[in-house]
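Okay, so here's the structure we're looking at.
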Amino acid sequence: MTIAVLSVASEVFPLIKTGGLADVVGALPGALAAEDVAVRTLVPGYPSVLAALADVTPVHSFDELFGGPARLLAGTARGLDLVVVDAPHLFDRPGNPYVGPDGRDWPDNPLRFAALSRAAAEIGLGRTSLPRPDVVHAHDWQAGLAPAYLHYEGGPRPGTVITVHNLAFQGQFDATLLHNLGLPSHSFGMDGVEYYGAVGYLKAGLQLADRLTTVSPTYAQEIRGPEAGMGLDGLLRARANRLSGIINGIDTTVWDPAHDPLLPAPYSARQPKGRALSKAALQQRFGLTDDPGALVFGVVSRLSWQKGLDLLLEALPTLLATGAQLVLLGAGEAALERGYRDAAAAHPGRVGCIIGYDEALAHLIQAGAEALIVPSRFEPCGLTQLCALRYGAIPVVSSVGGLADTIIDANEMAIANGVGTGLRFQPTTTLALEGALQRAASLHADAAVWKRLRRNAMATDVSWTNPARHYAALYRELAGVAAA
Ligand SMILES: Nc1ncnc2c1ncn2[C@@H]1O[C@H](COP(=O)(O)OP(=O)(O)O[C@H]2O[C@H](CO)[C@@H](O)[C@H](O)[C@H]2O)[C@@H](O)[C@H]1O
Numbered sequence: 000m001t002i003a004v005l006s007v008a009s010e011v012f013p014l015i016k017t018g019g020l021a022d023v024v025g026a027l028p029g030a031l032a033a034e035d036v037a038v039r040t041l042v043p044g045y046p047s048v049l050a051a052l053a054d055v056t057p058v059h060s061f062d063e064l065f066g067g068p069a070r071l072l073a074g075t076a077r078g079l080d081l082v083v084v085d086a087p088h089l090f091d092r093p094g095n096p097y098v099g100p101d102g103r104d105w106p107d108n109p110l111r112f113a114a115l116s117r118a119a120a121e122i123g124l125g126r127t128s129l130p131r132p133d134v135v136h137a138h139d140w141q142a143g144l145a146p147a148y149l150h151y152e153g154g155p156r157p158g159t160v161i162t163v164h165n166l167a168f169q170g171q172f173d174a175t176l177l178h179n180l181g182l183p184s185h186s187f188g189m190d191g192v193e194y195y196g197a198v199g200y201l202k203a204g205l206q207l208a209d210r211l212t213t214v215s216p217t218y219a220q221e222i223r224g225p226e227a228g229m230g231l232d233g234l235l236r237a238r239a240n241r242l243s244g245i246i247n248g249i250d251t252t253v254w255d256p257a258h259d260p261l262l263p264a265p266y267s268a269r270q271p272k273g274r275a276l277s278k279a280a281l282q283q284r285f286g287l288t289d290d291p292g293a294l295v296f297g298v299v300s301r302l303s304w305q306k307g308l309d310l311l312l313e314a315l316p317t318l319l320a321t322g323a324q325l326v327l328l329g330a331g332e333a334a335l336e337r338g339y340r341d342a343a344a345a346h347p348g349r350v351g352c353i354i355g356y357d358e359a360l361a362h363l364i365q366a367g368a369e370a371l372i373v374p375s376r377f378e379p380c381g382l383t384q385l386c387a388l389r390y391g392a393i394p395v396v397s398s399v400g401g402l403a404d405t406i407i408d409a410n411e412m413a414i415a416n417g418v419g420t421g422l423r424f425q426p427t428t429t430l431a432l433e434g435a436l437q438r439a440a441s442l443h444a445d446a447a448v449w450k451r452l453r454r455n456a457m458a459t460d461v462s463w464t465n466p467a468r469h470y471a472a473l474y475r476e477l478a479g480v481a482a483a
């Protein structure tokens, strides 16, 4: 029997994306179709989403949704079944989903994302002309109130699950907001939406959803402790029997070096020759010395504290001392952007940096770099190291969260057994990172070992096939349907 799931999120690739959340929300429906799960994705009606929407059918209207009239529009876009919250007073704005042109959060973000959750609840309760879903799947704080609205209705409702993609973003707002949200006053308590005297959207979801997931088993463990728990560890410990980790996959048709139109030549584990052309193109694009034998390290990342790229700046002298080159593509904190720009200026031909967001260039880096560095302080799952495995860029990662779950360290034992896929280091410090960079350089110096590593990396299953099975099993459990 087909399970119907309403997936609720603030971004979805390829229509609107600021990070890995969009990739996951965009890829899951396709992967779940093979598991007999039909996913409809509910997203805000940003201009880019409405512009892409085809086969539009209005399925609900609100006379008033947090400050103005609104409609829910069902439709399709880029192969996805969508429902879009068409509320111009909340979402018809340029640029980023969360911040205005001044770089600050939109002041009405609490209402904008309450509207998303309210819409999810209306669909979940069968009050629109769409069929009622079996399960409502909320992603991150922006959808955190969906389980709360459904819970406080008190009647029959779909099963609910919330997935944490990043516990650092919690959606915490002033308690006075409660009156505007349409939640009952008794919801404001420890066992409801209250979070240290404020209203917590992620907290509400974690408290009130039937099941909680995050995007790797190790992160699911880590967030039960005070260090990674970011204030929510007590709640997560209390609900530990409801919490599990399901590792992310990547879209292996978008990320396929054998059929990637963004590369100068295709290549595969069996026929790796074309990779050299990507490497040459990469060196040229970043103004590096054209050296086919160089160990080129790559980075593709948001530039934020989480990603640990300040440590890589500190480790740069060590990296350069090994004779390696570095390319970085990223955007984010001004100090880090400046730091990498300065490093590129100080080491022409050895360090290249492009500040910005560029999907096509991300593909070239994965295909042309020998190794990809991910020195995160914490990492719920991480997608770039999965792309790196698939493209044969050996991941050099800190041993946290999903990085620890997806990379097999090429220590002596692993090399002897021929099973390593990358390099892991811990703790996440400059010193440990430097050690890993030096270790990568000595492995790279042994062509046979490096080749073996690359073969292992490229043979790793990073598709959604297995994760989709886990989500399908969870949905079936929530829908009260025995797995076939
Ligand atoms: N400058 C740039 N140009 C082009 N592409 C860029 C880019 N910067 C980043 N990207 C791309 O954006 C995505 C980032 O995904 P990640 O999972 O690595 O991190 P993020 O922290 O955003 O996601 C959060 O959610 C995801 C999804 O669950 C978790 O994997 C992760 O651990 C968690 O922090 C990747 O597809 C990457 O290629």
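Counting from 0, one number per residue, gives the positions in the sequence shown under numbering that gives the first Met the number 0. From the three backbone atoms N, C-alpha and C, an ideal C-beta is built for every residue, glycine too. Just so it is clear, the structure is predicted and the values come from calculations on it, not from any experiment.
With DSSP run on the structure shown, which of helix, strand or coil describes residue i?
i      : result
Phe65  : coil
Phe90  : helix
Ile146 : This sequence places Pro at residue 146; Ile is not what is there. The answer is helix: DSSP assigns Pro146 an H, G or I state.
Val55  : strand
Glu193 : strand
Thr252 : coil
Phe12  : coil
Ile222 : coil
Ile246 : coil
Ile122 : helix
Arg438 : helix
Phe168 : coil
His346 : coil
Ala268 : coil
Val214 : coil
Gly355 : coil
Phe112 : helix
Ala482 : With a pLDDT of only 39 at Ala482, under the threshold of 50, the placement of this residue in the model should not be trusted, and no figure is reported.
Gly490 : Absent from the model: residue 490. The displayed extent of the chain is 0 to 483, so no value can be given.
Ala21  : helix
Val48  : helix
Pro28  : helix
With a threshold of 6 angstroms, establish whether the CB of residue i neighbours any heavy atom of ligand 1.
i      : result
Cys352 : no
Ala392 : no
Leu382 : yes
His164 : yes
Arg301 : yes
Glu378 : yes
Val23  : yes
Gly181 : no
Gly329 : yes
Ala320 : no
Gly18  : yes
Asn455 : no
Ala280 : no
Glu226 : no
Glu332 : no
Ala53  : no
Val98  : no
Val214 : yes
Asn247 : yes
Ala467 : no
Glu221 : no
Asp357 : yes
To which residues of the same chain is residue i closer than 8 angstroms at the C-beta, ignoring the five residues directly before and after it?
i      : result
Glu332 : Leu302, Ser303, Trp304
Near residue i, what residues of its chain come up, given a Cβ to Cβ distance below 7 angstroms and the 5 sequence neighbours on each side ignored?
i      : result
Leu318 : Phe296, Leu325, Leu436
Leu382 : Gly19, Asp22, Asn247, Ile249
Ala167 : Met229, Gln305
Note down, in chain order, each residue of its chain lying with its Cβ closer than 6 angstroms to the Cβ of residue i, except the 5 sequence neighbours on either side.
i      : result
Val163 : Thr213
Ser300 : Lys306, Gly329
Trp254 : Cys386, Arg389
Ala483 : Unreliable placement is indicated for Ala483, whose pLDDT of 38 sits below 50; the coordinate value is still reported in the next sentence. Within the same chain, Ala483 has no close Cβ partners at all.
Phe285 : Val326, Gly351
Ala359 : Leu261
Arg111 : Leu89
Ala447 : none
Do the segment 12-21 and the segment 113-129 touch if we need at least three Cβ pairs shorter than 8 angstroms?
no
Would you be able to state if there are at least three C-beta pairs under 8 angstroms between the segment 442-456 and the segment 330-344?
no
Are the segment 76-95 and the segment 37-57 touching by the rule of at least three beta carbon pairs closer than 8 angstroms?
yes
Count the CB pairs spanning the segment 167-176 and the segment 120-131 that are closer than 8 angstroms, and state whether there are at least three.
no
For the pair the segment 360-375 and the segment 265-278, tell me if three or more CB-CB distances fall below 8 angstroms.
yes
Three-pair Cβ contact test at 8 angstroms for the segment 139-147 versus the segment 187-201
yes
Quick test of the definition: if touching needs 3 or more C-beta pairs under 8 angstroms, does the segment 425-440 touch the segment 388-399?
yes
Segment contact, 8 angstroms Cβ cut-off, at least three pairs: the segment 404-420 with the segment 271-280:
no
Could you tell me whether the segment 30-40 touches the segment 460-467, using the rule of 3 or more Cβ pairs below 8 angstroms?
yes
Meets three-Cβ-pair contact criterion under 8 angstroms: the segment 71-80 and the segment 53-63
yes
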